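The numbering of the sequence shown is the UniProt record's numbering, which starts it at 1 and goes up by one.
C-beta: ideal position from N, C-alpha, C; glycine also.
Values in this document were obtained by computation on a predicted structure and should not be read as measured data.
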Amino acid sequence: MANEVKLHGVTGSPFVCRVKIALNLKGIKYEFVAEDLSNKSADLLKYNPVYKKVPVFVHNGNPISESLVIVEYIDEVWKGVPILPQDAYEKAQARFWAKVIDDKCIPALFKAIVSHGEKQAVAEAHETLQFLENELKVKGSKYFGGENINLVDISATFIALWVGAAEEALGLELLPRDKFPKIKEWCDNYLKCQAVKDGLPPRELPVGFFKSRFGKA
1 MANEVKLHGV TGSPFVCRVK IALNLKGIKY EFVAEDLSNK SADLLKYNPV YKKVPVFVHN
61 GNPISESLVI VEYIDEVWKG VPILPQDAYE KAQARFWAKV IDDKCIPALF KAIVSHGEKQ
121 AVAEAHETLQ FLENELKVKG SKYFGGENIN LVDISATFIA LWVGAAEEAL GLELLPRDKF
181 PKIKEWCDNY LKCQAVKDGL PPRELPVGFF KSRFGKA
């Protein structure tokens with residue numbers, strides 16, 4: 001039986017990295033198809049005509065778009081390390097927190113980054129991050145998924161690497177350890193995981209991106 005697995009993406013995208021990390025956790029071999037977003041391939045436009053963006057995951061010729069949808073698909077199709085909890089309530093909670101990260105935390109953090117740490121933007125980002133800090137305190141575990149990485153951890157990949165890269169590139173403090181000790185501890189643990197490390201770009205790539213895109217002349 002054919003089991004062709006391809007991932008269309010760009011190396012520096014935290015959303016593409018979510019899929020890479022899920023594939024690594026499952027031990028799945030795949031072909032990475034590098035896309036140029038300024039000159040999108042015919043395949044990308046064919047596979048994702050609605051959004052025309054990466055990541056696009058192709059399994060036996062069938063395309064799937066949107067990073068968290070792809071991660072859930074990978075978890076359902078392949079055995080091995082579970083990414084979503086088996087319990088229905090816990091699964092719903094994981095999906096809820098993943099949506100909080102996508103709908104509230106990442107947009108607020110990005111706003112704080114592009115504003116170069118404007119006070120109100122940082123305050124809004126901190127307000128959203130406090131929910132994650134509190135969730136980690138309640139869990140009292142290594143990851144959002146307990147002792148193993150799950151959907152929520154993968155969703156927060158941007159926080160783990162890209163926020164620190166923006167801080168370094170732009171001289172900001174968006175995630176102070178004294179205010180968010182649990183999130184910082186989570187970042188340290190998450191970035192040490194081999195499946196995560198193998199799915200991330202070198203740190204200098206997002207640092208360089210933030211410097212060139214948002215650095216002050």
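Minimum C-alpha distance to residue i - residue among the options
i    : options                : result
F32  : T11, E127, K142, A42   : T11
N148 : L7, P82, V58           : P82
V196 : A165, F15, A22         : A22
G145 : A125, D87, N39, K179   : D87
P206 : P49, E133, I159, E35   : I159
E124 : E135, A108, K139       : A108
R177 : P201, F209, V138, Q130 : Q130
K179 : K40, P49, K137, Y143   : K137
Integer-rounded CB distance, given that residue j should sit under 8 angstroms from residue i
i    : j    : result
S155 : I101 : 4 angstroms
P14  : T128 : Contact flag wrong, Cβ pair sits at about 16 angstroms.
G215 : K20  : G215 to K20, Cβ: 27 angstroms. No contact.
E133 : K182 : 5 angstroms
Y190 : Y143 : 7 angstroms
Residue i and residue j closer than 8 angstroms at C-beta
i    : j    : result
K211 : A169 : yes
A98  : V163 : no
Y30  : V69  : no
Y47  : V58  : yes
L174 : E167 : yes
L37  : V56  : no
G27  : G61  : no
R213 : L161 : no
Residues sharing a beta bridge with residue i, DSSP
i   : result
Y89 : DSSP output for Y89 lists no bridge partner at all.
I64 : F57
7 angstroms Cβ shell around residue i - same chain, five flanking residues per side excluded
i    : result
M1   : Note that M1 scores 40 on pLDDT, short of 50, meaning its location in the model is unreliable and no value can be drawn from it.
S141 : E147
L84  : E72, D75, K91, A94, N150, L151
S115 : A121
L25  : V81, I83, I149, A195
Same chain, Cβ closer than 8 angstroms to residue i, five either side skipped, listed in chain order
i   : result
V16 : L7, G9, V10, V54, P55, S67
Other residues of its chain near residue i: CB distance less than 6 angstroms, five sequence neighbours each side excluded
i    : result
G117 : L172
I106 : F158
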